[in-house]
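Chains as they are written, first to last, in my numbering: chain A, 4 to 439; chain B, 101 to 178. Positions of the beta carbon are idealized from the N, C-alpha and C atoms, including for glycine. One structure is given below, encoded as structure tokens.
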Amino acid sequence: MRKLFLVAVVIAVLASTWVAQAAPPPEGPPGLAKAIAAQEKHNPQLLTTRGVVGTAVGLGRDGGAVVRVFTLKSGVGRLPAFIDGVPVVVQATGELTALKRRPRPNDPPVVTITSPTQGAQFASGDSVSFAATAQDKQDGALSAVNWTSSINGYLDTGASITRTLGDGIHTITASATDLQGAVGQASVTITVGTATHQTTDRWERPVPIGVSTGNYQSVSAGTIACRVRDAVGNLYALSNTHVFAPNDFAGQGEIGDIVTQPGLYDFPTHAYAESLRLGTVTAYKPINGSIFATNVIDAAIARMDTGSLGTATPLTLGGYGEPNSVTKAAAVNMAVQKFGRSTQLTKGTITGINATMIVAYADDWYAFFSGQIVVEASGAFIQPGDSGSLLVTDDPAANPVGLVFSGNANGTMTLANPIDSVLRYFDVTIDGKVTE
Amino acid sequence: MSPRIPNETIRKVLERHVQRVVSLPGVIGVAEGEIDGRPCVTVYVAEKTAAVVGQIPSDLEGWPVVVRESGEFRALTG
């Protein structure tokens, strides 16, 4: 009986203690419960006191519980020394911010172009000197200034550079990036030579890619695919065998022939003149017309005279600029584009790969091709004269995929050699953009 | 119907049949294509007449065959 009574008393005491407090009594330092209660009761007033950024319950120097008040700076007034008998300790912490989203102020670099001046004019083929300063408030002077032209694409990187530009009205942009990734840029507009040409015109050297070209002994025209280079750095124009060697495409007799820009078909007199010379035929894959043979490429390279050939399709004619120097393998459903002499920029889709196809080279001359890429479009993707156009991906990367060489009459179906087979045959690489 | 899809399989099948199919009168060529998202063999013909289509198989070892009228392909000199 006595035992029961004692237990009941203990339970009653505990129960009363339980009911009396808002939260279960925690273990801990003396006065902790009292401090928590004081903080909770006075928080609304404390947190709205000017200069207070937060409160907490903590330990005072004597080990007893205190209420801590955090402030923006020291000397925040109107704070009591005790609340409900609990000591108040004030601590100047400054602003409390969430660590994740703490922005640091950063200014983008300020780029100033000192050369060339806005509206400057240059003769065709002139060297242009570019200079700019790039000052960053946080990072100081930046030397990696990227220069681009709206016509010739990426030019070079450096505070001072010199380049020859193609003809046209260029918007020259100098840009620099600071260590935080903020970009600053400046632009000037300059004119080089006379206004822009058509793909069939003679272009001032260095000529763009994607324009008319041909053999000096044939009144015909095809397209310059792109610029390629060999292991020792020699530069070549890439096109088809039947463009650079139209009179002996089954043999090797036209090695050494002069190639022209434009092709003679597009030159008013249709006769060769020294001013049309671009370079000479170095090598080409002969086309085998035997029914027992299959061909994989219809490709030729011509060594360029110094300063003859650039690396970009004319932006002024809607070209995609520079192709990528990295190629891509063809795949069904890939979106592709090409820039060529006859139909300029056109877009299509790859609908067939590894194609085996009979291709006519003359009314009674056919050759088998295998491993080919089939491109389809709702309109004319190509027309005669687009032979040799480079097929690239229809995206900002513009990765080369194929070398165009044939198509059906209305141009809705086009055949292209896989570009890697072409590059491997000549052991060359494409001179194109390296980014993206 | 057709086996699971790695393109090597359609490539190997095509290899076995390409000579024969391309030799059929009116056939210009063949390629690996796609129909309704699945690989198929596309046969290109100069003219899609009943006679031409009649001799082309509707499938090659399980891979569907699709006939397209392309017309002749010519080298594109201007």
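Between the CA atoms of A/Thr136 and A/Gly128 - distance to the nearest angstrom:
26 Å
Interface flag, B/Glu172 vs chain A, CB-CB below 7 Å
yes
Closer than 6 Å by C-beta to A/Ser345: which residues in its own chain qualify, once you throw out the five before and the five after it? Chain order, please.
Gln386, Gly388 and Asp389
Which of helix, strand or coil DSSP assigns to A/Lys331
coil
At least one CB of chain B closer than 7 Å to the CB of A/Ala248: is that the case?
no
Could you check whether the stretch 323-339 of chain A touches the stretch 428-436 of chain A, counting it as contact only if at least three pairs of C-beta atoms, one from each stretch, sit closer than 8 Å?
yes
Taking 7 Å as the CB-CB cut-off, is B/Ile110 touching chain A?
no
CB contact check: B/Thr177 to chain A, cutoff 7 Å:
yes
Quick one: which chain A residues come within Cβ less than 9 Å of B/Val118?
Thr359 and Ser373
Limits of the unbroken beta strand (DSSP E) element including A/Asp159:
Gly156 to Thr160
Taking B/Val118 as the reference, which of A/Thr297, A/His245 and A/Asn46 has the closest Cα?
A/Thr297
Proximity to A/Asp423 [Cα-Cα], best of A/Met416, A/Asn402 and A/Ser130:
A/Asn402
Measuring alpha carbon to alpha carbon, tell me which of A/Thr174, A/Ile116 and A/Gly122 ends up nearest A/Ser3.
Examination of residue 3 of chain A is not possible in this model, given that chain A is present from 4 through 439 alone.
Could you give the DSSP three-state label for A/Gly266: helix, strand or coil?
coil
Quick check on A/Asn243: does DSSP put it in helix, strand or coil?
coil
Could you confirm whether any beta carbon from chain A is found closer than 7 Å to the beta carbon of B/Val122?
yes
Interface flag, A/Val425 vs chain B, CB-CB below 7 Å:
no
Rounded to whole angstroms, how far is the Cβ of A/Val195 from the Cβ of A/Leu168, which I believe are closer than 8 Å?
5 Å
Close beta carbons around B/Pro164, own chain, < 8 Å, minus the five adjacent residues each side:
Ser102, Ile135, Arg138, Cys140, Val141 and Ser158
Leaving out five residues before and five after A/Thr203 in sequence, what residues of the same chain have Cβ atoms less than 7 Å from its Cβ?
Ser215, Pro265, Asp269 and Arg344
Do the stretch 330-340 of chain A and the stretch 360-367 of chain A make contact, defined as three or more Cβ pairs closer than 8 Å?
no
A/Gly187 - DSSP class collapsed to helix/strand/coil:
strand
CB of A/Val113 within 7 Å of CB of A/Gln138, strictly
yes
Any Cβ of chain A within less than 7 Å of the Cβ of B/Glu169?
no
Residue nearest to A/Thr285 in terms of C-alpha spacing, selected from A/Gly322, A/Gln255, A/Arg53 and A/Thr354:
A/Gln255
Where the alpha helix (DSSP H) containing A/Phe429 begins and where it ends
Ile422 to Phe429
Using DSSP bridges, identify the partner residues of A/Lys350.
A/Gln340
So what's A/Arg208 in DSSP terms, helix, strand or just coil?
coil
Under 9 Å from the C-beta of A/Asn420: neighbouring residues of chain B:
Residues of chain B passing the Cβ test: none, with the nearest at roughly 12 Å.
Reference A/Gly292, options A/Ala365, A/Arg107 and A/Thr272, closest by Cα:
A/Ala365
Expected contact under 8 Å - CB spacing of A/Pro32 and A/Gly66 to nearest Å
6 Å
Straight-line gap, A/Ala383 to B/Glu169 (C-alpha atoms, nearest Å):
16 Å
Whole angstroms is fine: what's the gap from A/Val231's alpha carbon to A/Asn218's?
19 Å
I need the DSSP call for A/Leu168, collapsed to helix, strand or coil.
coil
Closest to A/Phe247 by CA distance: which of A/Tyr287, A/Lys350, A/Ala36 and A/Ala234 is it?
A/Tyr287
The stretch 401-413 of chain A: which residues have C-beta closer than 9 Å to a C-beta of chain B, in chain order?
Val407, Phe408, Ser409, Gly410, Asn411, Ala412 and Asn413
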